[in-house]
Amino acid sequence: MQADYLDGNALAGPLAEIFAADVSAAVSRCAACGQTGPVASLRVYDRAPGLVARCPGCEEVVLRLVRSPDSAWLDLRGAVTLRIPLRDGTGPGGQR
Amino acid sequence: MTRWRVARLTKVRDENGTARTLVFDVPDWPGHLAGQHVDVKLTAGDGYSARRSYSLAGPEGVELTVQRVPDGEVSPYLTLDMEPGDELELRGPVGGWFVWRPDGPAPVLLVAGGAGIVPLMAMIRARRAAGADTPFRLVYAVRSPEQLCYTDELLRPDPGVSVSLAYTRRAPEGHPRPPGRLTAADLGPYGEADCYVCGPTGFVESAAALLVGLGHDPARIRTERFGPTGD
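This is the structure:
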């Protein structure tokens, strides 16, 4: 496995293009090993078409995101659930 | 949804020989939390565009500190060629996990590797701006004195904030710590804290492992990696 990965913080911008809530702060559960943790702590490989986020526990793919000129392809097959913190959107850190 | 905004460069400040702070005017900037970042997009005349993420360096306004990466695609333009009045596109603020809020009561341990100082400096500045008394400790690892950013500001006394420098290759004469990799002794002794670690991927891996070894709860260690080079 290459060592030049980023972390899920790098997904914040690309996902902010799609979702109103900050998905990088969500907690995901890996479909392969069951580990839970913030999307921001996934290992993100960006030297590919799109972004591939892998579980830091078992290295299985949790999420893939590919952007074409007119659409975004989001593959969430490796995430059983996403728990997305919701604030009222008025305070700092609200829906950004 | 976060849209791309046009940002106009208003001011630049050299931090050292290879890093520069850029201050942008961004109409309707919504404000941000310390630790958040922006995505920057540069588009060439032929339509080719390159994107990079940069941490916001201050608690208010859009201020980025960029480290020049030799042979980089974006950072040489930002650190050498871009002039006040020039524009680029940026998207943000983004990232709600690697953030510090001034109402956080827990003591804070910041661990920076090289240009990883930027979002941590934003936290120190946000603490000062909010008048918070949360104890802060910064351990800042850099190769050599020439690589330091924000030197004067970090060396100025800031009550409640302790700063230690760890030179990894070459230390200035008289520095008490011999140059070398970051060790547990640099980060210890253990004290209950929220930990924020930012730097190149390898640095973050080893610093986070040292913190866990000292007894820190992995759930209270937040990390931000900017890859092997940062560009």
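Protein sequences appear in the order of chains S and B. Sequential numbering of the first sequence, starting at 1, is according to full-length UniProt numbering. Sequential numbering of the second sequence, starting at 1, is according to full-length UniProt numbering. Where a beta carbon is used, it is the ideal one built from N, C-alpha and C, also for glycine. Nothing here was measured: the structure is a model prediction, and the numbers come from that model.
Residue range 161-167 is occupied by the beta strand (DSSP E) that includes residue 164 of chain B. Fully contained in the region 106-172 of chain B are the following alpha helix (DSSP H) runs of length 4 or more, in chain order: 117-130 and 151-155. If you draw a 10 Å sphere on the C-beta of residue 212 of chain B, you find fewer than 16 other C-beta atoms in it, and that means exposed. Every beta strand (DSSP E) stretch that sits fully inside the UniProt domain "FAD-binding FR-type" (2-100) of chain B and reaches 3 residues is listed by chain position as 4-14, 19-25, 37-43, 49-55, 62-67 and 87-94.
In this structure residue 175 of chain B is exposed. Its beta-carbon is surrounded by fewer than 16 other beta-carbon atoms within 10 angstroms.
Using a Cβ-Cβ cut-off of 9 Å, residue 225 of chain B counts as an interface residue toward chain S, since at least one Cβ of chain S sits closer than that to its own. When DSSP states are grouped into helix, strand and coil, residue 223 of chain B belongs to the strand group. Straight-line measurement puts the Cα of residue 220 of chain B at about 31 Å from the Cα of residue 66 of chain S. A distance below 6 Å between beta-carbons, with the five flanking residues on each side excluded, links residue 116 of chain B to the following residues of its chain, in chain order: 198 and 199. Contact of residue 5 of chain S with chain B by beta-carbon distance below 8 Å involves 201, 225 and 227. Put simply, the CB of residue 22 of chain S is near chain B, with a gap under 9 Å to one of its CB atoms. For residue 24 of chain B, no CB of chain S lies under 9 Å from its own CB, so it is not counted at the interface with that chain. Residue contact check for residue 49 of chain S against chain B: no CB pair falls below 9 Å. Membership of residue 201 of chain B in any beta strand (DSSP E) is not indicated; the residue belongs instead to the alpha helix (DSSP H) covering 201-214. Neighbours of residue 13 of chain S in chain B, taken as residues at a C-beta separation under 9 Å, are given in chain order as 2, 37, 38, 39, 51, 53, 91, 92, 94 and 95. The continuous beta strand (DSSP E) containing residue 51 of chain S extends over residues 50-54. Using a Cβ-Cβ cut-off of 9 Å, residue 34 of chain S does not count as an interface residue toward chain B, since no Cβ of chain B sits closer than that to its own. For the set B/97, B/169 and B/162, the Cα lying nearest the Cα of residue 222 of chain B is the one of B/97. By the Cβ rule, the region 7-19 of chain B counts as touching the region 70-86 of chain B, because three or more pairs are nearer than 8 Å.
Rounded to whole angstroms, the separation of the alpha carbons of residue 167 of chain B and residue 145 of chain B is 7 Å. Taking a 10 Å sphere around the C-beta of residue 15 of chain B, we find 16 or more other C-beta atoms and assign the residue as buried.
For residue 142 of chain B, the closest alpha carbon among the candidates B/179, B/162 and B/110 is that of B/179. At least one beta carbon of chain S lies nearer than 9 Å to the beta carbon of residue 222 of chain B. The beta carbon of residue 120 of chain B sits closer than 7 Å to the beta carbons of 110, 112, 138, 196 and 198 from its chain, once the five residues preceding and following it are set aside; these are given in chain order. At the C-beta level, residue 48 of chain S and residue 39 of chain S stay beyond 9 Å of one another.
Secondary structure note for residue 16 of chain S: its alpha helix (DSSP H) is the uninterrupted segment 12-16. Residues of the region 68-91 of chain S that bring their beta carbon within less than 7 Å of a beta carbon in chain B are absent altogether.
Under the 9 Å criterion on CB atoms, residue 28 of chain S is classed as non-interfacial with respect to chain B.
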